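Residue numbers (the UniProt record's numbering), protein chains in the order written: chain P, 1 to 187; chain G, 1 to 187.
Next up, the structure:
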């Protein structure tokens, strides 16, 4: 049995990502990931429920971050400002992990079932945000529109960020939210 | 072998939907659909590739409708106006089939893999629209933002429309696009 590893989780994640990139997600087993990280399968399963969770873990914390940030805004904050604050908090976390985010995206883009999972993740994030906005008294369809349009802006900013390394994700997000305002005003 | 049926396609679709609602999508076989419609399996497969296509058929025509409508707009038309015109054309088609759309949605909501399929369908529609906008000279991220925000507005309008029958889908869509403009301007 492996000793307790202070950075076991991180090593497993990087080993998994390396293997997903080399062989493809479907062709990689948990045993191989553990071996590559120099750990046991048992240690893997202490950190992750399955090999997909390496790519999609931390959902609960993310939903918590989004809803807490929206809830913390002052009562007079407009829905889209609250949504922007929540997405910026997320962007600030991610921007420090650009290499991981980019590698992860390559793996996801290569696998339709992972793409589906990613879409569902983002849709569920928008639903959480819309619910928190409604709790603040924002009516429908404004709550859902702010949430969905905000998540769309985040997704587009994210795709641009992992392709260009001249700016951080928060800057791409700010740009996308600004362009969203301009483009929807041009009706 | 069944005779050629003038409305075979429509009868098969309704029989399929009835069975999906009664038994669930996964529990329904093509043989049962054909029997319910009073047709043969062979006739089913003349109209549909599989039982999922009853719910997701017509994708090519839909992409064609969206890109043609965007392309037809005059050069000076703002991206969001072009997107709104395309989505309105789609809404006008769908609004005549509210019962089918509502039943279809109940089937999809009950089945995670169909929900994934629906998300992918809408994402792919947004990608087609963004590509057509780029062909008109709209730059990024404006093209993707107009397309994604437009599709989000459509999705929200659609969900409201199948729950309330006081207005047609085009009216819900117009409202959603107007609220989208208001909510994104409130930053």
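Just so you know, even glycine gets a beta-carbon here, dropped at the ideal spot from N, CA and C.
Note that the coordinates shown come from a computational prediction; the quantities given were computed from them, not determined experimentally.
Contact under 8 Å by Cβ, residue i with residue j
| i | j | result |
| --- | --- | --- |
| residue 10 of chain P | residue 39 of chain P | no |
| residue 181 of chain G | residue 142 of chain P | no |
| residue 152 of chain P | residue 175 of chain P | no |
| residue 117 of chain P | residue 23 of chain P | no |
| residue 48 of chain P | residue 107 of chain P | no |
| residue 73 of chain G | residue 85 of chain G | yes |
| residue 145 of chain P | residue 54 of chain G | no |
| residue 36 of chain P | residue 18 of chain P | yes |
| residue 122 of chain G | residue 82 of chain G | no |
Candidates the options, of which the one nearest residue i by Cα
| i | options | result |
| --- | --- | --- |
| residue 169 of chain G | G:110, G:87, G:109, G:131 | G:87 |
| residue 25 of chain P | P:126, P:41, P:103 | P:103 |
| residue 179 of chain P | G:41, G:55, G:79, G:58 | G:79 |
| residue 131 of chain P | P:105, P:71, P:108 | P:71 |
| residue 63 of chain G | G:89, G:12, G:15, G:145 | G:89 |
| residue 30 of chain P | P:115, P:123, P:41 | P:41 |
| residue 163 of chain P | P:98, P:154, P:83 | P:98 |
| residue 155 of chain P | P:77, P:28, P:94, P:33 | P:94 |
| residue 32 of chain G | G:46, G:16, G:45 | G:16 |
| residue 161 of chain P | P:58, P:57, P:101, P:76 | P:101 |
| residue 113 of chain G | G:56, G:12, G:46 | G:56 |
| residue 58 of chain G | G:76, G:77, G:13 | G:13 |
| residue 67 of chain G | G:111, G:75, G:135 | G:135 |
| residue 137 of chain G | G:166, G:127, G:75 | G:75 |
| residue 227 of chain P | P:159, P:171, P:46, P:165 | Since the displayed chain P opens at 1 and closes at 187, residue 227 of chain P lies outside it and no answer follows. |
Where the alpha helix (DSSP H) through residue i begins and ends
| i | result |
| --- | --- |
| residue 27 of chain P | Unbroken run through residue 27 of chain P: none, as it is neither H nor E. |
| residue 178 of chain G | 169-185 |
| residue 157 of chain G | 142-163 |
| residue 17 of chain P | 8-23 |
| residue 43 of chain P | 41-47 |
Rounded Cβ spacing between residue i and residue j (contact assumed at less than 8 Å)
| i | j | result |
| --- | --- | --- |
| residue 149 of chain P | residue 129 of chain P | In fact, because the Cβ distance is near 11 Å, the residues do not count as touching under 8 Å. |
| residue 173 of chain G | residue 91 of chain G | 5 Å |
| residue 28 of chain P | residue 34 of chain P | That pair is no contact at about 11 Å. |
| residue 119 of chain G | residue 120 of chain P | 7 Å |
Closer than 7 Å at the beta carbon, the chain B residues around residue i
| i | result |
| --- | --- |
| residue 179 of chain G | Any reference to chain B falls outside this structure, whose protein chains are P and G. |
Suppose only complete runs of 4+ residues qualify. What are the alpha helix (DSSP H) ranges in the region 54-136 of chain G, listed by chain order? Restricting attention to alpha helix (DSSP H) runs no shorter than 4 residues, the region 54-136 of chain G encloses them at 59-72, 79-94, 98-109, 112-135, ordered along the chain.
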